[in-house]
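Count the sequence shown with the numbering used here and you get residues 34 to 324, in order.
For every residue, glycine included, the Cβ atom is placed at its ideal position computed from N, Cα and C.
All of these numbers come straight from a predicted model, not from anything done at the bench.
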Amino acid sequence: MPHFKQPLYPVYNWIPLHGIMRYEVELMADPPAQPNGTQPDPGRAWSKIVNAATTCYDEYPRPYAGDYYWRVRAIDAEGNAIGTWSDAAHFVVNKHPKRVKVAVLGDSITHGGGSISYPPSALEYSYTTYFDFPCLNLGRSGDTSRMTCDRFEQDVLPFHPQNLLILTGSNGLRTSTISAQDIIDDLAAIEEKCRAHDIRPIFMTLIPINPTNIRFAFHAETDPNWNEKLRLINMWIRSHDCCIDLEPYFYNETGTDLDESFSVDGLHPDIQGKMLMGEIVNASEAHALLK
34 MPHFKQPLYP VYNWIPLHGI MRYEVELMAD PPAQPNGTQP DPGRAWSKIV NAATTCYDEY
94 PRPYAGDYYW RVRAIDAEGN AIGTWSDAAH FVVNKHPKRV KVAVLGDSIT HGGGSISYPP
154 SALEYSYTTY FDFPCLNLGR SGDTSRMTCD RFEQDVLPFH PQNLLILTGS NGLRTSTISA
214 QDIIDDLAAI EEKCRAHDIR PIFMTLIPIN PTNIRFAFHA ETDPNWNEKL RLINMWIRSH
274 DCCIDLEPYF YNETGTDLDE SFSVDGLHPD IQGKMLMGEI VNASEAHALL K
(Lines of atoms letter the chains of each structure in order from A; the text may use other names.)
(Lines give C-alpha, C1' and ligand atoms only; values in the text may rest on other atoms or scores of the structure.)
Protein backbone atom coordinates (compact mmCIF):
# COMPACT_ATOMS: atom_id res chain seq x y z
CA MET A 34 0.00 0.00 0.00
CA PRO A 35 2.09 2.97 -1.21
CA HIS A 36 0.19 5.56 0.84
CA PHE A 37 -0.49 3.44 3.94
CA LYS A 38 -0.07 5.11 7.31
CA GLN A 39 -0.56 3.26 10.60
CA PRO A 40 -3.95 4.26 12.08
CA LEU A 41 -3.77 6.30 15.27
CA TYR A 42 -5.72 3.63 17.18
CA PRO A 43 -4.18 0.17 16.60
CA VAL A 44 -6.24 -3.00 16.44
CA TYR A 45 -4.66 -6.37 17.21
CA ASN A 46 -6.04 -9.59 15.76
CA TRP A 47 -5.02 -13.25 15.76
CA ILE A 48 -6.13 -16.76 14.90
CA PRO A 49 -7.86 -18.17 18.00
CA LEU A 50 -7.25 -21.44 19.79
CA HIS A 51 -10.14 -23.88 19.57
CA GLY A 52 -12.74 -23.23 22.23
CA ILE A 53 -10.81 -20.39 23.91
CA MET A 54 -12.54 -17.00 24.24
CA ARG A 55 -10.27 -15.14 26.69
CA TYR A 56 -6.95 -13.61 25.70
CA GLU A 57 -4.36 -11.15 26.96
CA VAL A 58 -2.57 -8.77 24.60
CA GLU A 59 0.57 -6.86 25.53
CA LEU A 60 2.38 -4.04 23.74
CA MET A 61 6.10 -3.31 23.97
CA ALA A 62 8.59 -0.81 22.59
CA ASP A 63 11.22 -3.54 22.25
CA PRO A 64 11.13 -7.22 21.31
CA PRO A 65 10.07 -9.40 24.27
CA ALA A 66 12.81 -10.42 26.67
CA GLN A 67 11.55 -14.01 26.64
CA PRO A 68 9.98 -15.01 23.31
CA ASN A 69 7.20 -17.60 23.53
CA GLY A 70 7.34 -17.72 27.31
CA THR A 71 4.43 -17.79 29.75
CA GLN A 72 5.06 -14.66 31.84
CA PRO A 73 4.25 -11.01 31.02
CA ASP A 74 7.16 -9.04 29.61
CA PRO A 75 8.73 -6.89 32.36
CA GLY A 76 9.07 -3.95 30.00
CA ARG A 77 5.61 -3.97 28.48
CA ALA A 78 3.97 -0.59 27.99
CA TRP A 79 0.35 -1.75 27.92
CA SER A 80 -1.77 -4.83 28.23
CA LYS A 81 -5.43 -5.74 27.98
CA ILE A 82 -7.54 -8.81 28.67
CA VAL A 83 -10.39 -9.34 26.24
CA ASN A 84 -13.26 -11.80 26.14
CA ALA A 85 -13.13 -12.03 22.38
CA ALA A 86 -11.89 -14.70 20.06
CA THR A 87 -9.82 -12.79 17.53
CA THR A 88 -9.59 -9.02 18.06
CA CYS A 89 -8.48 -6.40 20.59
CA TYR A 90 -9.09 -2.68 20.08
CA ASP A 91 -6.48 -0.42 21.68
CA GLU A 92 -8.28 2.27 23.65
CA TYR A 93 -5.25 4.55 23.53
CA PRO A 94 -3.89 6.49 20.54
CA ARG A 95 -0.33 5.64 19.54
CA PRO A 96 0.98 8.87 17.98
CA TYR A 97 4.63 8.56 18.92
CA ALA A 98 7.06 7.54 16.21
CA GLY A 99 8.93 4.30 16.70
CA ASP A 100 8.81 0.52 16.60
CA TYR A 101 6.11 -1.35 18.46
CA TYR A 102 5.80 -5.06 19.25
CA TRP A 103 2.73 -6.92 20.41
CA ARG A 104 1.78 -10.48 21.20
CA VAL A 105 -1.15 -12.44 22.57
CA ARG A 106 -1.70 -15.42 24.85
CA ALA A 107 -4.76 -17.43 25.79
CA ILE A 108 -5.75 -17.39 29.47
CA ASP A 109 -8.28 -19.18 31.63
CA ALA A 110 -10.92 -17.66 33.91
CA GLU A 111 -8.33 -17.19 36.69
CA GLY A 112 -5.84 -15.45 34.41
CA ASN A 113 -3.49 -18.40 34.08
CA ALA A 114 -1.72 -18.87 30.77
CA ILE A 115 -2.95 -21.54 28.39
CA GLY A 116 0.14 -22.41 26.39
CA THR A 117 2.70 -19.68 25.65
CA TRP A 118 2.78 -16.19 24.24
CA SER A 119 2.53 -15.96 20.47
CA ASP A 120 5.40 -14.77 18.33
CA ALA A 121 5.67 -10.99 18.58
CA ALA A 122 4.21 -8.98 15.73
CA HIS A 123 5.80 -5.69 14.75
CA PHE A 124 4.50 -2.39 13.42
CA VAL A 125 6.03 1.03 12.90
CA VAL A 126 4.62 4.48 13.56
CA ASN A 127 6.45 6.84 11.25
CA LYS A 128 7.54 10.30 12.26
CA HIS A 129 5.11 12.86 10.93
CA PRO A 130 5.91 16.37 9.72
CA LYS A 131 4.82 19.28 11.89
CA ARG A 132 1.75 19.51 9.65
CA VAL A 133 0.38 16.54 7.76
CA LYS A 134 -1.41 17.47 4.56
CA VAL A 135 -4.51 15.28 4.98
CA ALA A 136 -6.07 13.41 7.89
CA VAL A 137 -9.47 11.80 8.24
CA LEU A 138 -11.51 11.89 11.46
CA GLY A 139 -14.46 9.68 12.29
CA ASP A 140 -15.94 6.54 13.80
CA SER A 141 -15.67 2.86 12.87
CA ILE A 142 -16.58 3.50 9.23
CA THR A 143 -13.37 5.53 9.05
CA HIS A 144 -11.33 3.36 11.43
CA GLY A 145 -11.95 0.39 9.12
CA GLY A 146 -13.25 -3.16 9.13
CA GLY A 147 -16.45 -4.73 7.84
CA SER A 148 -18.32 -7.92 6.93
CA ILE A 149 -18.99 -8.31 10.67
CA SER A 150 -15.76 -10.19 11.41
CA TYR A 151 -13.00 -8.16 9.71
CA PRO A 152 -11.20 -5.60 11.93
CA PRO A 153 -9.54 -2.32 10.86
CA SER A 154 -6.23 -4.15 10.50
CA ALA A 155 -7.65 -5.68 7.29
CA LEU A 156 -6.57 -2.83 5.02
CA GLU A 157 -8.93 -3.73 2.19
CA TYR A 158 -11.76 -2.70 4.54
CA SER A 159 -10.41 0.84 4.97
CA TYR A 160 -11.56 3.47 2.48
CA THR A 161 -8.31 5.39 2.94
CA THR A 162 -6.57 2.42 1.29
CA TYR A 163 -8.19 3.49 -1.98
CA PHE A 164 -7.20 7.16 -1.84
CA ASP A 165 -4.65 8.20 -4.44
CA PHE A 166 -2.94 10.47 -1.89
CA PRO A 167 -1.44 9.92 1.59
CA CYS A 168 -3.89 10.29 4.47
CA LEU A 169 -3.50 9.83 8.22
CA ASN A 170 -6.37 7.79 9.73
CA LEU A 171 -7.62 9.30 13.00
CA GLY A 172 -10.78 7.17 13.13
CA ARG A 173 -11.87 5.39 16.30
CA SER A 174 -14.42 2.60 16.43
CA GLY A 175 -17.47 3.19 18.62
CA ASP A 176 -17.44 6.98 18.42
CA THR A 177 -20.57 9.06 18.49
CA SER A 178 -20.24 12.52 16.97
CA ARG A 179 -19.83 13.93 20.49
CA MET A 180 -17.00 11.53 21.25
CA THR A 181 -15.27 12.47 18.01
CA CYS A 182 -15.59 16.15 18.88
CA ASP A 183 -14.32 15.63 22.43
CA ARG A 184 -11.06 14.00 21.31
CA PHE A 185 -10.20 16.69 18.75
CA GLU A 186 -7.56 18.34 20.93
CA GLN A 187 -5.93 15.03 21.84
CA ASP A 188 -6.01 13.31 18.47
CA VAL A 189 -6.11 16.00 15.77
CA LEU A 190 -4.09 18.95 17.03
CA PRO A 191 -0.78 17.08 17.49
CA PHE A 192 -0.74 16.49 13.72
CA HIS A 193 -2.20 19.91 12.79
CA PRO A 194 -3.45 18.70 9.38
CA GLN A 195 -3.89 21.22 6.61
CA ASN A 196 -7.06 19.39 5.52
CA LEU A 197 -9.33 17.30 7.75
CA LEU A 198 -11.86 14.96 6.16
CA ILE A 199 -14.70 14.42 8.64
CA LEU A 200 -17.20 11.53 8.67
CA THR A 201 -18.93 10.96 12.00
CA GLY A 202 -22.50 10.63 13.26
CA SER A 203 -23.61 7.28 11.88
CA ASN A 204 -23.90 5.72 15.34
CA GLY A 205 -26.24 8.54 16.28
CA LEU A 206 -28.49 7.82 13.30
CA ARG A 207 -29.58 4.52 14.81
CA THR A 208 -29.80 5.78 18.40
CA SER A 209 -33.14 7.29 19.42
CA THR A 210 -31.62 9.35 22.25
CA ILE A 211 -29.41 11.30 19.82
CA SER A 212 -31.18 13.86 17.63
CA ALA A 213 -30.19 15.27 14.27
CA GLN A 214 -29.57 18.62 15.96
CA ASP A 215 -27.26 16.96 18.49
CA ILE A 216 -25.13 15.62 15.64
CA ILE A 217 -25.23 18.90 13.72
CA ASP A 218 -24.12 20.76 16.85
CA ASP A 219 -21.20 18.37 17.27
CA LEU A 220 -20.17 18.77 13.63
CA ALA A 221 -20.41 22.55 13.97
CA ALA A 222 -18.18 22.39 17.05
CA ILE A 223 -15.61 20.34 15.12
CA GLU A 224 -15.76 22.90 12.33
CA GLU A 225 -15.20 25.74 14.78
CA LYS A 226 -12.19 23.98 16.28
CA CYS A 227 -10.75 23.48 12.80
CA ARG A 228 -11.17 27.15 11.89
CA ALA A 229 -9.56 28.22 15.16
CA HIS A 230 -6.44 26.18 14.35
CA ASP A 231 -6.04 26.91 10.63
CA ILE A 232 -7.34 23.48 9.58
CA ARG A 233 -9.60 23.19 6.54
CA PRO A 234 -12.63 21.01 7.45
CA ILE A 235 -14.05 18.91 4.62
CA PHE A 236 -17.23 17.14 5.70
CA MET A 237 -18.47 13.98 4.03
CA THR A 238 -22.18 13.23 4.03
CA LEU A 239 -23.36 10.27 6.08
CA ILE A 240 -24.38 7.20 4.12
CA PRO A 241 -27.74 5.46 4.69
CA ILE A 242 -28.08 2.48 7.02
CA ASN A 243 -30.10 -0.73 6.83
CA PRO A 244 -32.14 -1.43 9.99
CA THR A 245 -32.99 -5.01 9.00
CA ASN A 246 -29.35 -5.98 8.63
CA ILE A 247 -28.41 -4.07 11.78
CA ARG A 248 -30.99 -6.09 13.73
CA PHE A 249 -29.57 -9.33 12.36
CA ALA A 250 -25.90 -8.43 12.94
CA PHE A 251 -26.06 -6.54 16.24
CA HIS A 252 -29.41 -7.66 17.73
CA ALA A 253 -30.28 -3.98 18.10
CA GLU A 254 -33.18 -1.85 16.94
CA THR A 255 -32.73 1.33 14.90
CA ASP A 256 -34.38 4.70 15.53
CA PRO A 257 -37.40 4.67 13.15
CA ASN A 258 -36.70 8.36 12.48
CA TRP A 259 -33.22 7.70 11.09
CA ASN A 260 -34.12 8.72 7.52
CA GLU A 261 -35.23 12.19 8.60
CA LYS A 262 -32.18 12.58 10.81
CA LEU A 263 -29.98 11.65 7.85
CA ARG A 264 -31.76 14.19 5.63
CA LEU A 265 -31.29 17.05 8.11
CA ILE A 266 -27.65 16.26 8.88
CA ASN A 267 -26.66 15.92 5.24
CA MET A 268 -28.56 19.08 4.32
CA TRP A 269 -26.38 20.91 6.86
CA ILE A 270 -23.23 19.30 5.45
CA ARG A 271 -24.19 20.20 1.88
CA SER A 272 -24.59 23.85 2.88
CA HIS A 273 -20.80 24.05 2.97
CA ASP A 274 -18.87 25.14 -0.10
CA CYS A 275 -16.38 22.30 0.35
CA CYS A 276 -17.90 18.90 1.11
CA ILE A 277 -17.94 15.40 -0.38
CA ASP A 278 -21.34 13.84 -1.04
CA LEU A 279 -21.28 10.08 -0.38
CA GLU A 280 -24.96 9.47 0.38
CA PRO A 281 -26.57 9.18 -3.09
CA TYR A 282 -24.36 6.28 -4.19
CA PHE A 283 -25.26 3.83 -1.42
CA TYR A 284 -29.03 3.30 -1.61
CA ASN A 285 -30.78 0.08 -2.60
CA GLU A 286 -33.13 -0.10 -5.60
CA THR A 287 -36.05 1.34 -3.62
CA GLY A 288 -33.96 4.30 -2.49
CA THR A 289 -34.79 3.69 1.17
CA ASP A 290 -31.91 1.82 2.85
CA LEU A 291 -28.23 1.05 2.50
CA ASP A 292 -27.85 -1.47 -0.32
CA GLU A 293 -27.06 -4.93 1.05
CA SER A 294 -24.41 -5.40 -1.63
CA PHE A 295 -22.36 -2.70 0.11
CA SER A 296 -22.76 -3.87 3.71
CA VAL A 297 -23.53 -7.18 5.41
CA ASP A 298 -24.20 -5.63 8.82
CA GLY A 299 -26.23 -2.66 7.57
CA LEU A 300 -23.85 -0.04 8.98
CA HIS A 301 -20.25 -0.59 7.90
CA PRO A 302 -19.48 -0.69 4.17
CA ASP A 303 -17.60 -3.80 3.10
CA ILE A 304 -14.82 -3.93 0.49
CA GLN A 305 -16.99 -2.83 -2.44
CA GLY A 306 -18.40 0.02 -0.39
CA LYS A 307 -15.01 1.15 0.87
CA MET A 308 -13.64 1.09 -2.67
CA LEU A 309 -16.56 3.25 -3.79
CA MET A 310 -15.95 5.72 -0.97
CA GLY A 311 -12.33 6.05 -2.06
CA GLU A 312 -13.36 6.55 -5.68
CA ILE A 313 -15.87 9.26 -4.73
CA VAL A 314 -13.25 11.16 -2.75
CA ASN A 315 -10.69 10.83 -5.55
CA ALA A 316 -13.23 12.17 -8.07
CA SER A 317 -14.56 14.99 -5.87
CA GLU A 318 -14.03 18.70 -6.38
CA ALA A 319 -12.17 18.71 -3.06
CA HIS A 320 -9.59 16.28 -4.46
CA ALA A 321 -7.39 19.07 -5.79
CA LEU A 322 -6.89 20.25 -2.21
CA LEU A 323 -5.84 16.80 -1.05
CA LYS A 324 -3.35 15.67 -3.71
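Unbroken alpha helix (DSSP H) run spanning residue i, endpoints
{"i": "residue 250", "result": "244-251"}
{"i": "residue 240", "result": "Premise fails: residue 240 is in no alpha helix (DSSP H) and is neither H nor E."}
{"i": "residue 185", "result": "185-188"}
{"i": "residue 322", "result": "320-323"}
Sequence-distant residues of the same chain with beta carbon closer than 8 angstroms to residue i, five excluded per side
{"i": "residue 312", "result": "163"}
{"i": "residue 284", "result": "241, 290, 291 and 292"}
{"i": "residue 121", "result": "61, 64, 65, 68, 102, 103 and 104"}
{"i": "residue 91", "result": "42, 43, 44, 45, 60, 79 and 81"}
{"i": "residue 76", "result": "61, 62, 63 and 66"}
Three-state secondary structure assigned by DSSP to residue i
{"i": "residue 2", "result": "There is no way to answer for residue 2, as the model of the chain reaches only from 34 to 324."}
{"i": "residue 115", "result": "strand"}
{"i": "residue 267", "result": "helix"}
{"i": "residue 179", "result": "helix"}
{"i": "residue 53", "result": "coil"}
{"i": "residue 277", "result": "strand"}
{"i": "residue 22", "result": "As displayed, the chain neither begins before 34 nor continues past 324, which places residue 22 out of reach and without an answer."}
{"i": "residue 100", "result": "strand"}
{"i": "residue 233", "result": "strand"}
{"i": "residue 90", "result": "strand"}
{"i": "residue 228", "result": "helix"}
{"i": "residue 171", "result": "coil"}
{"i": "residue 198", "result": "strand"}
{"i": "residue 41", "result": "coil"}
{"i": "residue 66", "result": "coil"}
{"i": "residue 108", "result": "strand"}
{"i": "residue 293", "result": "coil"}
{"i": "residue 59", "result": "strand"}
Residue j beta carbon less than 8 angstroms from that of residue i
{"i": "residue 276", "j": "residue 237", "result": "yes"}
{"i": "residue 126", "j": "residue 173", "result": "no"}
{"i": "residue 175", "j": "residue 141", "result": "yes"}
{"i": "residue 201", "j": "residue 138", "result": "yes"}
{"i": "residue 250", "j": "residue 298", "result": "yes"}
{"i": "residue 171", "j": "residue 136", "result": "yes"}
{"i": "residue 322", "j": "residue 196", "result": "yes"}
{"i": "residue 223", "j": "residue 181", "result": "yes"}
{"i": "residue 177", "j": "residue 205", "result": "yes"}
{"i": "residue 131", "j": "residue 193", "result": "yes"}
{"i": "residue 211", "j": "residue 319", "result": "no"}
{"i": "residue 258", "j": "residue 239", "result": "no"}
{"i": "residue 301", "j": "residue 112", "result": "no"}
Where the beta strand (DSSP E) containing residue i begins and where it ends
{"i": "residue 307", "result": "Unbroken run through residue 307 is the alpha helix (DSSP H), 304-316; no beta strand (DSSP E)."}
{"i": "residue 123", "result": "122-126"}
{"i": "residue 138", "result": "135-139"}
{"i": "residue 83", "result": "79-83"}
Beta-carbon contacts of residue i that lie in its chain and below 7 angstroms, excluding the five residues immediately before and after
{"i": "residue 114", "result": "71, 106 and 108"}
{"i": "residue 98", "result": "126, 127 and 128"}
{"i": "residue 317", "result": "277"}
{"i": "residue 208", "result": "256"}
{"i": "residue 243", "result": "290, 291, 293, 296 and 299"}
{"i": "residue 324", "result": "166"}
{"i": "residue 154", "result": "44 and 46"}
Residue i beta carbon near the ligand SAM (any heavy atom closer than 7 angstroms)
{"i": "residue 186", "result": "What this structure holds is no ligand at all, so the ligand SAM is not there to describe."}
Contacting residues, own chain, Cβ-Cβ under 6 angstroms from residue i (five flanking each side not counted)
{"i": "residue 110", "result": "none"}
{"i": "residue 269", "result": "217"}
{"i": "residue 88", "result": "46 and 152"}
{"i": "residue 265", "result": "213"}
{"i": "residue 179", "result": "219"}
{"i": "residue 160", "result": "307, 310 and 311"}
Residue from the options with nearest C-alpha to residue i
{"i": "residue 305", "options": "97, 79, 234 and 158", "result": "158"}
{"i": "residue 119", "options": "74, 42 and 255", "result": "74"}
{"i": "residue 102", "options": "199, 256 and 68", "result": "68"}
{"i": "residue 184", "options": "133, 272, 228 and 93", "result": "93"}
{"i": "residue 43", "options": "192, 49 and 81", "result": "81"}
{"i": "residue 86", "options": "248, 229 and 53", "result": "53"}
{"i": "residue 50", "options": "187, 90, 168 and 117", "result": "117"}
{"i": "residue 167", "options": "133, 199, 154 and 267", "result": "133"}
{"i": "residue 261", "options": "282, 319 and 213", "result": "213"}
{"i": "residue 186", "options": "147, 39, 154 and 232", "result": "232"}
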